[in-house]
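Working notes, beginning with the structure itself.
2 protein chains.
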Amino acid sequence: MRNFIIVGHRAVTYPPFSLNDLPGTGGRVDILARSINVAFLLSHGMREGVEVTTVLLGPEDPPKNIRFIGTELKYLNPDERSTGALSRNALIKYNTMKTNPEKKQFERSLVQNDILGNELRSSPGVYISNSGFAEILRYYSEHSILVCLIEKGSDLSNLTEQLKNNYKQNLTFILSDDKDFTAEEEDLINKYSKFSLSLGPQTLHSDHCIILIHNILDNLEIKNIKP
Amino acid sequence: MRNFIIVGHRAVTYPPFSLNDLPGTGGRVDILARSINVAFLLSHGMREGVEVTTVLLGPEDPPKNIRFIGTELKYLNPDERSTGALSRNALIKYNTMKTNPEKKQFERSLVQNDILGNELRSSPGVYISNSGFAEILRYYSEHSILVCLIEKGSDLSNLTEQLKNNYKQNLTFILSDDKDFTAEEEDLINKYSKFSLSLGPQTLHSDHCIILIHNILDNLEIKNIKP
Chain P
452 MRNFIIVGHR
462 AVTYPPFSLN
472 DLPGTGGRVD
482 ILARSINVAF
492 LLSHGMREGV
502 EVTTVLLGPE
512 DPPKNIRFIG
522 TELKYLNPDE
532 RSTGALSRNA
542 LIKYNTMKTN
552 PEKKQFERSL
562 VQNDILGNEL
572 RSSPGVYISN
582 SGFAEILRYY
592 SEHSILVCLI
602 EKGSDLSNLT
612 EQLKNNYKQN
622 LTFILSDDKD
632 FTAEEEDLIN
642 KYSKFSLSLG
652 PQTLHSDHCI
662 ILIHNILDNL
672 EIKNIKP
Chain G
452 MRNFIIVGHR
462 AVTYPPFSLN
472 DLPGTGGRVD
482 ILARSINVAF
492 LLSHGMREGV
502 EVTTVLLGPE
512 DPPKNIRFIG
522 TELKYLNPDE
532 RSTGALSRNA
542 LIKYNTMKTN
552 PEKKQFERSL
562 VQNDILGNEL
572 RSSPGVYISN
582 SGFAEILRYY
592 SEHSILVCLI
602 EKGSDLSNLT
612 EQLKNNYKQN
622 LTFILSDDKD
632 FTAEEEDLIN
642 KYSKFSLSLG
652 PQTLHSDHCI
662 ILIHNILDNL
672 EIKNIKP
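Residue numbers (the numbering used here), protein chains in the order written: chain P, 452 to 678; chain G, 452 to 678.
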């Protein structure tokens, strides 16, 4: 199982963004859309053993998180506009529920999660709640090893070495959008994360990092390296 | 210098596609847009020593090729819609020139290339002409080593081993969109390409392959491995 948490520091939480301008009106929600796509999509098919959580911290109603669960996920297309639409749809449905809490139509779409509270299933495999970064880290730390990807982390060879002994386990990789983690976020990460790693000499986009991680793990799996 | 050639087998050549539906109306031009973006864009900056050529073979006026030259390139944003707009703009300008050949406005935007003929500069760093795959391969084979990326190529360790001795040279990587190369295209590739390589056990999108190639070369460069 490979999980990815991506923090969108300016990603808008409500009212929703325009699909014609994901970077501007969405607060760089295009970064999150691309990260979701590359986490799941192969050239001809989908990776099922993947979960992606985007943490939205932008205006006007933060925090929100949207979780994409590979085993259930439908309607994911390779273009970022349609993935942006899945996130937008989640924000709209969540807000509709919040402002009309008595509507029975939402009852069967609500899933109780011990840590994340009430999650609303906005479409197959897409869940939204108002939990923040701390709760998301806590949730994934309970059943996986957390790995933070940052520029100043240790280098790729250490990564391969460390993953060699862990690639079969549940792994959760924590990434930021185009902004660095804040000091508060770093404190939270240090509380939950075992490893802090860098993927190379260049500062890469979060979707590029996800592709590299998948490739490293794919190659470790094919080589069938035993722990 | 790192060059990438990506063949868009259905990518429309004229009339232009809708920016609201790059995959459908563009003939999977979204794949090309993402490939262009990842080839050039770092998290905070641009790779200058890169050229990307998209070969468009879809309806209704094939072939076309659009070349993106890193040292001159402007107006490249990280979202795929705006990169789609750069390509669309090139197609529109090329067609306007073709249907109004006497207009003097195009004279100073035309660049003569010995192999590719008249290239029209549609915006800074973006050149379009009606040369096809064969001419593009011939052009890049004259000043670089061609490497074809296909599923059945030899594996990653060979790639690293072979690039170790070539990473400082001009390299040109040849990729396809979501369709396999045709038999005719394979014949052309075999004529010009020295290497045929695969990047891992999974079938990846072309933009994912470009990210992996960049990372391998970045790490080789930082390690400063001598031939």
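For each residue, glycine too, the CB sits at the ideal point set by N, CA and C.
Closer than 8 Å by C-beta to residue i: which residues in its own chain qualify, once you throw out the five before and the five after it? Chain order, please.
i, result
"Ile579 of chain P", "Lys515, Asn516, Ile517, Arg518, Ala541, Leu542, Lys544, Tyr545, Glu570, Leu571 and Ser573"
"Glu531 of chain P", "Leu473, Asp481, Ala484, Arg485 and Asn488"
"Pro513 of chain G", "Thr464, Leu507 and Gly583"
"Pro575 of chain G", "Glu523, Leu524, Lys525 and Tyr526"
"Ser595 of chain G", "Met452, Asn454, Gln620, Asn621, Leu622 and Thr623"
"Leu492 of chain G", "Arg498, Leu527 and Pro529"
"Ser494 of chain P", "none"
When the Cα atoms are used, what is the spatial distance from residue i to residue j?
i, j, result
"Leu524 of chain P", "Leu537 of chain P", "11 Å"
"Leu663 of chain G", "Ile662 of chain P", "8 Å"
"Thr522 of chain P", "Arg479 of chain P", "27 Å"
"Ile676 of chain P", "Thr654 of chain G", "Because Ile676 of chain P sits at a pLDDT of 46, beneath the cut-off of 50, its placement in the model cannot be relied upon, and the following sentence gives the value as read from the coordinates. Using only the alpha carbons, I get a separation of about 21 Å."
"Cys599 of chain P", "Met452 of chain P", "16 Å"
"Glu602 of chain P", "Ser582 of chain P", "27 Å"
"Glu511 of chain P", "Gly535 of chain G", "30 Å"
"Asn666 of chain G", "His460 of chain P", "26 Å"
"Val577 of chain G", "Thr547 of chain P", "45 Å"
"Leu668 of chain P", "Thr505 of chain P", "22 Å"
"Ala585 of chain G", "Lys549 of chain G", "22 Å"
"Asp565 of chain G", "Gly509 of chain P", "52 Å"
"His659 of chain P", "Pro552 of chain P", "39 Å"
"Arg539 of chain G", "Asn641 of chain G", "31 Å"
"Ser533 of chain G", "Ser533 of chain P", "15 Å"
"Leu597 of chain G", "Glu637 of chain P", "43 Å"
"Lys555 of chain P", "Glu593 of chain P", "32 Å"
"Leu639 of chain P", "Ile625 of chain P", "11 Å"
"Gly475 of chain G", "Gly475 of chain P", "24 Å"
Mind checking residue i: buried by the 16 CB within 10 Å criterion, or exposed?
i, result
"Ile673 of chain G", "exposed"
"Ser657 of chain G", "buried"
"Gly496 of chain P", "exposed"
"Glu419 of chain P", "The structure shown does not extend to residue 419 of chain P, since chain P is modelled only from 452 to 678, so the question has no answer here."
"Glu635 of chain G", "exposed"
"Pro529 of chain P", "buried"
Looking only at its chain, what residues have a beta carbon closer than 7 Å to the beta carbon of residue i, apart from the 5 residues adjacent to it on each side?
i, result
"Gln563 of chain G", "Asn569"
"Gly477 of chain P", "Ala462, Val463, Phe468 and Gly535"
"Leu567 of chain G", "Ser580, Ser582, Glu586 and Tyr590"
"Ala490 of chain P", "Phe455, Val501, Val503 and Ile661"
"Gly604 of chain G", "Ser647, Leu648 and Ser649"
Can you find the residues in the same chain that come closer than 6 Å, C-beta to C-beta, to residue i, ignoring five residues on each side of it along the sequence?
i, result
"Ser627 of chain P", "Val458"
"Ile520 of chain G", "Glu502 and Gly576"
"Asn670 of chain G", "none"
"Tyr643 of chain P", "Leu588, Ser592 and Leu597"
So with Cβ pairs under 8 Å, would you call residue i a contact of chain B?
i, result
"Pro474 of chain G", "Annotation note: the requested chain B is absent from the structure, which comprises protein chains P and G."
Exercise. How about the segment 623-636 of chain G and the segment 467-477 of chain P: do they share at least three Cβ pairs that are nearer than 8 Å?
Worked result: no
For this session: Report the residues of the segment 491-520 of chain P with a CB closer than 9 Å to any CB of chain G, ordered along the chain.
Result: Leu492, Leu493, Ser494, His495, Gly496 and Arg498
Problem set entry | the segment 485-503 of chain P contacting the segment 559-569 of chain P, beta-carbon criterion three pairs below 8 Å | no
Exercise. Is it true that the segment 580-592 of chain G meets the segment 642-657 of chain P, where meeting means three or more beta-carbon pairs spaced less than 8 Å apart?
Worked result: no
Exercise. According to a CB-to-CB cut-off of less than 9 Å, which residues of the segment 522-553 of chain P neighbour chain G?
Worked result: Asn528, Pro529, Asp530, Glu531, Arg532 and Ser533
For this session: Note down, in chain order, all residues in the segment 631-655 of chain G with a beta-carbon under 8 Å from any beta-carbon belonging to chain P.
Result: Leu650, Gly651, Pro652, Gln653, Thr654 and Leu655
For this session: Could you run through the segment 565-585 of chain P and flag, in chain order, every residue whose CB is less than 7 Å away from some CB of chain G?
Result: none
For this session: Mind checking the segment 454-472 of chain P against chain G and listing, in chain order, the residues whose C-beta falls within less than 9 Å of any C-beta there?
Result: Leu470, Asn471 and Asp472
Problem set entry | Residues, ordered as in the chain, of the segment 592-604 of chain P that lie near chain G by beta-carbon distance below 7 Å | none
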